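**Q**
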Amino acid sequence: MWFEDQLKSLIAKAADDFDEAAAADIKVKSEEDNTTRGEFLDGILAAQKAEREQLWKRLHQIARPDEEDVLEIQFKDQLYKSVAQFRKALEYIREEFRDATEALTREETVLAECSDIKTVLSRRVDEARQQGRGYRRRMQMRETMDKLRLNHEATMNDLVDFLDQHYPAHRVKLNPDADWDEEENEVEYELKYLLEDLMNLAVINPTNPYVQLESGMYWPPYVETLIKAGIAVRHPEDALRIRLVDYRL
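One gets this note's numbering by counting positions in the sequence shown from 1 and adding 221 to each.
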């Protein structure tokens, strides 16, 4: 119910109650002049009633607001509420944006650090791979050297066995007139020792691998055997020096 209707109903009820109470008053005659004092009161009440009716008419002359004005007021009120909500939402969004920006900055920093770490680790991995390849290469070379050493030892053992079998030690008397039983009067020559000296010089001093043929050190027939077999050659300017033939390609 409209506010003015409620106010009108409340005033009307109060007026009716007052009129009913005033009508029920007992008119008592005065002892002094034997008149009814209630008539004077009735006059006052009648004047007040007339004034009240005038006020009531003026009350009903208040302009009732148009429906469009009410709708406009309601719209403005709703608009103010929406603006307030939007402001709160905007502040919340701004705060979320600041938090997201800070989080993005931290993530970019972490990403840059991770990128640096990845670069360092990649370089370390490459170095480790290169070291691993170098280690494998060294191990392969070591294995090859071990195989060559074993082959060399096996070849030398076979050569020594061959020389011991086909070219045994040759005993020569220093004094032909002395007996064979005298150890001081004989010396042994072995072809394997001459070959050993030739091979050692070929390895130790490849630019000058000649062995000096000193008297009494090597048996001449063994020297000639190596030369005729094409295993050793004499020095072009000194016949007392020989070396192994270079078989390298």
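For each residue, glycine too, the CB sits at the ideal point set by N, CA and C.
Since the model is a prediction, treat every value here as computed from it, not as a measurement.
(1) Taking only heavy atoms of the ligand FMN into account, decide whether any of them is closer than 6 Å to the Cβ of Val424.
(2) For Glu407, does the three-state DSSP call read helix, strand or coil?
(3) Could you tell me which residues DSSP pairs with His391 in its beta bridges?
(4) Using 7 Å as the threshold, is the C-beta distance between Lys394 and Glu411 below it?
(5) What is the rounded straight-line gap between the Cα of Thr428 and the Cα of Asp367?
(6) From Glu210 to Leu332, what does the alpha carbon distance come to, in whole angstroms?
(7) Does the stretch 431 to 443 come close enough to the stretch 453 to 468 that 3 or more CB-CB pairs lie under 8 Å?
(8) Alpha carbon to alpha carbon, how far is Glu328 from Glu334? Give it in angstroms, no decimals.
(9) So, using beta-carbon positions, are Ala413 and Val381 closer together than 7 Å?
(10) Please state if the CB of Leu419 and the CB of Leu384 are separated by a distance shorter than 7 Å.
(11) Leaving out the 5 sequence neighbours to the left and right, which residues in its chain are closer than 7 Å to Arg363 when beta-carbon positions are compared?
(12) State the beta-bridge partners of Leu465 as determined by DSSP.
(13) Just how far apart, CA to CA, sit Asn378 and Trp440?
(14) Nearest by alpha-carbon distance to His391: which of Leu415, His373, Leu300 is it?
(15) Around the C-beta of Tyr301, are 16 or more other C-beta atoms found within 10 angstroms, so that it is buried, or is it exposed?
(16) Name, in chain order, the residues that DSSP records as bridge partners for Val432.
(17) Could you tell me the distance, in whole angstroms, from the CA atom of Asp347 to the CA atom of Val341?
(18) How long is the line joining the alpha carbons of Asp409 and Gly353, rounded to whole angstroms?
(19) Going by DSSP in three states, Met366 sits in which element: helix, strand or coil?
(20) Which class does Ser251 belong to by DSSP, given the choice of helix, strand or coil?
(21) Can you check which of these residues, Glu274, Gln269, Ala267, is closest to Ala233 by C-alpha distance?
**A** With the given structure in hand:
(1) Looking for the ligand FMN in the displayed structure turns up nothing, as the structure carries no ligands at all.
(2) strand
(3) Tyr410
(4) no
(5) 26 Å
(6) The requested residue 210 is not part of the displayed model; the chain covers only 222 to 470.
(7) yes
(8) 10 Å
(9) What sits at residue 413 in the sequence shown is Lys, not Ala. Contact flag set, yes.
(10) no
(11) none
(12) Ala453
(13) 22 Å
(14) Leu415
(15) exposed
(16) Ile463
(17) 10 Å
(18) According to the sequence as given, residue 409 is Glu; it is not Asp. Glu409 and Gly353: Cα-Cα distance of roughly 54 Å.
(19) helix
(20) In this prediction, Ser251 scores a pLDDT of 49, lower than 50, which makes its location untrustworthy; the coordinate-derived value is nonetheless stated afterwards. If DSSP states are grouped into helix, strand and coil, Ser251 belongs with coil.
(21) Glu274
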